[in-house]
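Engineer: If you read the sequences in order, they're chains A and E.
Quick note on numbering: the first sequence equals residues 3 to 176 in the working numbering.
Quick note on numbering: the second sequence equals residues 3 to 176 in the working numbering.
Glycine included, C-beta positions come from ideal geometry on N, C-alpha and C.
Number of protein chains: 2
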Amino acid sequence: MPTPDRTSLEEIVAAAWAVLEAEGLAGLTMQAVAVKVGVRAPSLYKRVRDRDALLALVAVAAVDEVARRLEPAATLADIAHAYRAFAHERPQGFRLIQSGGADPASLARASEPVLRIAGDLVGPGDALEAARLVTAWATGFLTMELAGAFRLGGDLDEAFEYGLARLTAALTPA
Amino acid sequence: MPTPDRTSLEEIVAAAWAVLEAEGLAGLTMQAVAVKVGVRAPSLYKRVRDRDALLALVAVAAVDEVARRLEPAATLADIAHAYRAFAHERPQGFRLIQSGGADPASLARASEPVLRIAGDLVGPGDALEAARLVTAWATGFLTMELAGAFRLGGDLDEAFEYGLARLTAALTPA
DNA sequence: ACCTGAACACCGTTCAAGT
DNA sequence: ACCTGAACACCGTTCAAGT
């Protein structure tokens with residue numbers, strides 16, 4: 003007689019992400035995830051190959067949420083602010099994305115709005131490179147902000163707006 | 003009778019960094035470092051508090067090497083290229099720096115050349131924010147490049163030069 | 001078919017005993 | 001004073017046995 007499912011892959015991924023944000027990467031143990039979904043650790047292996055695969059699934063979920071948040075953006079400023087809000091609310095998810103392993107389809111979906119807006123500014127020929135300029139800047143700024151790497155004083159909100167303004171100007175045709 | 007030292011903190015940090023680059027973060031075990039320096043794992047704890055402290059020391063060593071490489075830079079392009087060369091040669095060290103934990107003194111030394119060159123371009127009032135713009139862009143570009151996050155084709159060397167050219171123009175007074 | 005206890009391998013860390 | 005073997009705790013993972 004088959005037993006009814008006591009959890010699901012989606013629930014496991016959501017639980018893993020919650021544990022990650024609450025306890026950090028080292029605190030994301032199979033045991034902690036199992037407790038959160040109400041099964042024993044070995045049961046997780048029915049739905050996930052191993053811990054690394056679970057981390058990769060959380061990374062995909064994180065990229066998907068970024069894509070969802072960026073979708074309505076109409077300007078570079080919209081993109082930058084939505085991306086920064088995500089990084090502040092889910093810092094561990096943001097860092098996990100940067101560790102690699104997110105799948106190409108999700109990445110493409112997340113980068114679509116930036117490509118569209120960048121293309122409107124600089125034209126199709128430079129759209130990809132302009133999008134990479136903006137994305138790299140925002141990603142680096144947030145990575146450094148979360149890592150506490152900006153230690154020379156100054157207001158970080160202002161520094162973010164400064165970068166955004168300079169990049170927008172640099173990509174706006176005269 | 004005291005036994006003669008069979009290793010040193012410097013040797014341990016160098017060995018840990020070498021293991022990190024060769025085997026990745028998960029392969030950086032106390033046992034692997036111990037084998038590399040020719041002692042047993044418990045002996046490492048005479049010189050290092052724990053594995054996290056060892057990782058922090060490797061991060062400091064990595065930031066110090068970045069500082070050393072950036073020191074002779076005279077232009078933003080020099081900085082960008084030296085930083086990228088470091089990231090390509092020691093990708094794990096680069097990623098470790100981004101994880102935080104590098105100490106303020108090393109960070110300040112590494113950021114001095116960028117501050118100086120940015121200040122020459124935009125003046126002292128905007129030097130810090132301009133330096134953060136360039137540093138954030140380069141850090142983000144390299145993070146994404148190493149993570150394999152640029153999957154929409156295009157030449158990455160060209161994308162890097164495009165960003166560098168746009169940023170240099172944006173920070174060069176008319 | 002999913003779930004579990006038991007077991008195993010591996011790793012970080014401590015410590016008493018050596019020199 | 002540094003070094004080591006032995007031991008312990010913790011975690012990822014497997015698997016046979018339950019339902």
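1. Thinking just about the alpha-carbon of each residue, which of A:Val37, A:Gly121, A:Glu67 and A:Thr170 is nearest to the one in A:Pro93?
2. Which bits of chain E does A:Gln100 rub up against, with CB to CB less than 7 Å?
3. Quick check on the DSSP output: the alpha helix (DSSP H) that includes A:Phe162 runs from which residue to which?
4. Taking only beta-carbon positions, decide if E:Arg153 is within less than 8 Å of chain A.
5. When you compare the region 69-78 of chain E with the region 156-163 of chain E, are there three or more beta-carbon pairs, one atom per stretch, that lie closer than 8 Å?
6. Hey, A:Ala149 and E:Gln100 are a contact pair by Cβ (cut 8 Å); roughly how many whole angstroms apart?
7. Compare the C-alpha of A:Leu78 against each of A:Arg153, A:Leu154, A:Pro6 and A:Trp139 and name the closest.
8. What is the DSSP secondary structure of A:Glu73, counted as helix, strand or coil?
9. Is it true that the CB of E:Leu30 sits closer than 8 Å to the CB of E:Val41?
10. Could you check whether the Cβ of E:Thr31 sits closer than 8 Å to any Cβ belonging to chain A?
11. Taking C-beta pairs closer than 9 Å, name the residues in chain E that A:Tyr164 reaches, listed in chain order.
12. Hey, E:Ile119 and E:Ala75: beta-carbon distance below 8 Å or not?
13. Of all the residues that make up the region 104-123 of chain A, which are near chain E by a beta-carbon distance shorter than 9 Å?
14. I think E:Leu130 touches E:Leu109, with their Cβ atoms under 8 Å apart; what is that distance to the nearest whole Å?
15. Helix, strand or coil for E:Pro106 per DSSP?
16. Only counting runs of 4 or more residues, tell me where the alpha helix (DSSP H) segments fall wholly within the region 100-157 of chain E, in order along the chain.
17. Would you grab the beta carbon distance between E:Ala61 and E:Ala24 for me? Rounded to a whole angstrom, and I think it's under 8 Å.
18. Taking buried to mean at least 16 other C-beta atoms within 10 Å of its own C-beta, is A:Glu147 buried or exposed?
19. Compare the Cα-Cα distances from A:Asp52 to each of A:Val65, A:Ala64 and A:Ala36 and report the closest residue.
20. Tell me which residue opens and which closes the alpha helix (DSSP H) that A:Ala20 is part of.
21. Quick one: is A:Ser10 buried, meaning 16 or more other Cβ sit within 10 Å of its Cβ, or exposed?
22. Closer than 8 Å by C-beta to A:Val15: which residues in its own chain qualify, once you throw out the five before and the five after it? Chain order, please.
23. Would you identify the three-state DSSP class for A:Ala55, choosing helix, strand or coil?
24. So, using beta-carbon positions, are E:Ala87 and E:Phe96 closer together than 8 Å?
25. I'd like to check one pair, E:Glu13 with E:Val39: are the Cβ atoms closer than 8 Å?
26. Taking the alpha helix (DSSP H) that A:Asp80 belongs to, which residues open and close that run?
27. Considering only the alpha carbon of each residue, which of A:Ala28, A:Asp7 and A:Leu27 lies closest to A:Ser45?
28. What residues of chain E sit near A:Arg168, judged by a beta carbon separation below 9 Å?
29. Using a Cβ cut-off of 9 Å, which residues of the region 76-87 of chain A contact any Cβ in chain E, in chain order?
30. How long is the line joining the alpha carbons of E:Val136 and E:Thr145, rounded to whole angstroms?
31. Helix or strand or just coil, what does DSSP make of E:Asp7?
32. Could one say the Cβ of E:Trp19 lies closer than 8 Å to chain A's Cβ atoms, at least one of them?
33. Going along chain A, which residues have a C-beta under 7 Å from E:Ala161?
34. Which residues in chain E sit within 8 Å of A:Thr9, going by Cβ to Cβ distance?
35. Under a CB-based cut-off of 8 Å, is A:Gly26 close to chain E?
36. Who are the neighbours of A:Ala58 on chain E, taking C-beta pairs under 7 Å?
Structural biologist: Taking the structure as given:
1. A:Glu67
2. Thr145 and Ala149
3. Leu158 to Leu173
4. yes
5. no
6. 6 Å
7. A:Trp139
8. coil
9. no
10. no
11. Asp128, Glu131, Ala132, Arg134 and Leu135
12. yes
13. Ala104, Pro106, Leu109, Ala110, Ser113 and Leu117
14. Actually they are not in contact, since the Cβ atoms of E:Leu130 and E:Leu109 sit about 13 Å apart, beyond 8 Å.
15. helix
16. 106-124 and 129-149
17. In fact, because the Cβ distance is near 17 Å, the residues do not count as touching under 8 Å.
18. buried
19. A:Ala36
20. Leu11 to Gly29
21. exposed
22. Leu56, Leu59, Val60 and Ala63
23. helix
24. no
25. yes
26. Leu78 to Glu91
27. A:Asp7
28. Glu131, Ala132, Leu135, Leu169, Ala172 and Leu173
29. none
30. 14 Å
31. coil
32. no
33. Glu131 and Arg134
34. Within 8 Å Cβ-Cβ: nothing; A:Thr9 doesn't reach chain E, min ~27 Å.
35. no
36. The premise fails here: A:Ala58 is roughly 12 Å from chain E at the closest Cβ pair, so nothing lies under 7 Å.
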